[in-house]
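Quick note, the sequence shown lines up with residues 1 to 114 if you use full-length UniProt numbering.
Beta carbons are placed, not taken as given, at the ideal position from N, Cα and C, and that holds for glycine.
A quick write-up on the structure given underneath.
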Amino acid sequence: MKHSEAQFVVEVTADDQITCRAPNQAEQRIRMTDLAAVYVETNHSGPWGADVWWLLNDSTGQTQVAFPQLATGEEAALERLRLIPGFQVRGMNSGENALFMCWSKPSALHHDDQ
């Protein structure tokens, strides 16, 4: 029997986007060039609910793609995320309501040329 999380279908596209199709929801997508942060959000709904979520945020702090652990295609998305320098999987063993930063885009350094 499949977990309900498997109804979320995550893909890494040929044009380097991560997409998620969730039941009864519009498709979510983010270009890797627009990715600014990756989080793991945990909650205490397990083992009966989806207690670990991946959140992919843009530069405005908005979550553009969210999918649970055990989503169909999760491993392909993680393989792509692991290619980002500094990316680390965090929080997977937490049973608390918490948010763990796995990666954040380094801030651009601005220099005044005078």
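Query	Result
Residues bridged to Ala98 [DSSP beta-bridge criterion]	Thr42
For Ser104, the residue or residues it bridges with in DSSP	Ala37
For Val10, the residue or residues it bridges with in DSSP	Cys20
Which of helix, strand or coil DSSP assigns to Ala66	strand
Beta-carbon spacing of Val12, Arg80 below 7 Å	yes
Pair within 7 Å by beta-carbon distance, Trp103 and Gly91	no
DSSP beta-bridge partners of Thr72	Val9
Reduced DSSP secondary structure (H/G/I, E/B, other) of Leu81	helix
For Pro106 and Glu5, the rounded distance between their alpha carbons	31 Å
Supposed contact pair Leu55 and Thr30 - C-beta distance, whole angstroms, cut 8 Å	Here residue 30 is Ile; the residue named in the question, Thr, does not match the sequence. That pair is no contact at about 10 Å.
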